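J.:
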Amino acid sequence: MKKSKRFYIFSPIAVIVFLLIVGCFGTATIAGNAPMDRQQADVGPSNGHATVSIPAHAVQLAPGVFSLGSAMHNGRLVEGYAIIDYAEGHGKPGTSCGNGVCEAGENARKCPADCGGEEPPADDAGCYEFIARGAKWRTVEPWVINPANTRGLDELTLFSNFGMDVEKWDTAAGVDILGAGSSTSDLLVADTASP
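Letter by letter, the sequence shown follows residues 2 to 196 of our numbering.
(1) Using DSSP bridges, identify the partner residues of His-74.
(2) Could you tell me the boundaries of the alpha helix (DSSP H) in which Leu-157 lies?
(3) What residue range is occupied by the uninterrupted alpha helix (DSSP H) comprising Pro-113?
(4) Ignore the nearest five residues each way along the sequence and tell me which others in Phe-163's own chain have a CB closer than 6 Å to its CB.
(5) Quick check on Pro-113: buried or exposed, where buried means 16 or more other Cβ atoms within 10 Å of its Cβ?
(6) Does the contact criterion of 3 or more C-beta pairs under 8 Å hold for the region 140 to 154 versus the region 169 to 187?
(7) Let me know if Gly-175 comes out buried or exposed under the rule of 16 or more other beta-carbons within 10 Å of its beta-carbon.
(8) Does the separation of the CB atoms of Arg-39 and Pro-64 fall below 8 Å?
(9) Looking only at C-alpha atoms, which of Leu-78, Ala-72, Gln-41 and Glu-142 sits nearest to Gln-61?
(10) Can the beta-carbon of Glu-142 be found less than 8 Å from the beta-carbon of Leu-189?
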């Protein structure tokens with residue numbers, strides 16, 4: 002069974018917003034240079050072997066996960082990642098309305114069951130789409146910061162400013178995403194056991 006491939010891109014707010022690559026990074030220019038050179042990358046699906054074409058400067062971070070670097074889009078800096086995800090099915094990749102995922106080519110008009118809500122802005126429609134459109138937080142998560150720094154910034158000020166930024170984020174979202182914050186002097190690492 003041949004599996005189709007989907008590529009994803011994450012924004013700087015990767016915890017909340019994931020973006021689906023539809024073609025931007027393949028034709029993007031960096032600082033006015035010519036379009037990016039491409040390279041072949043070998044990725045191993047569960048039933049064999051596949052090769053994909055990605056930008057030459059992409060760096061493999063893990064099997065099937067590539068950093069594409071950063072680019073400007075509509076005046077905003079976005080970080081690009083290509084994640085090879087093998088979708089079940091035969092032949093030409095397509096969309097499946099009603100699967101709970103708003104996929105490339107689907108929108109609120111074509112597939113309200115998956116995409117609901119507002120249409121993506123017209124200028125972004127050919128570049129990327131939100132993967133997690135309509136996703137909801139199940140619980141309010143606490144946050145922690147280690148304000149130690151080498152710049153001589155006041156640790157209490159850093160903690161306070163970070164807390165105000167979290168509040169702005171919650172206000173903009175219209176719902177509490179992050180709960181109470183705390184400060185620590187411990188080294189902070191990603192939770193890989195129960196993320």
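We put the beta carbon where it would ideally sit given N, CA and C, even for glycine. Here the structure is a predicted model, which means the values were calculated and not measured.
T.: The structure says:
(1) His-74 is bridged to Arg-77.
(2) Start and end: 156 to 174.
(3) Secondary structure note for Pro-113: its alpha helix (DSSP H) is the uninterrupted segment 113 to 116.
(4) If the five residues before and after Phe-163 are omitted, its C-beta is found closer than 6 Å to the C-beta atoms of Ile-146, all from its own chain and listed in chain order.
(5) Residue burial is scored here from C-beta neighbours: Pro-113 has fewer than 16 other C-beta atoms within 10 angstroms and is therefore classed as exposed.
(6) With a cut-off of 8 Å, the region 169 to 187 and the region 140 to 154 count as touching, because enough Cβ pairs lie within range.
(7) Per the 10 Å Cβ criterion, exposed.
(8) Cβ distance not < 8 Å, so Arg-39 and Pro-64 don't count as in contact.
(9) Of all alpha-carbon atoms in Leu-78, Ala-72, Gln-41 and Glu-142, the one lying nearest the alpha-carbon of Gln-61 is that of Gln-41.
(10) Against a cut-off of 8 Å, the Cβ pair of Leu-189 and Glu-142 comes out as no contact.
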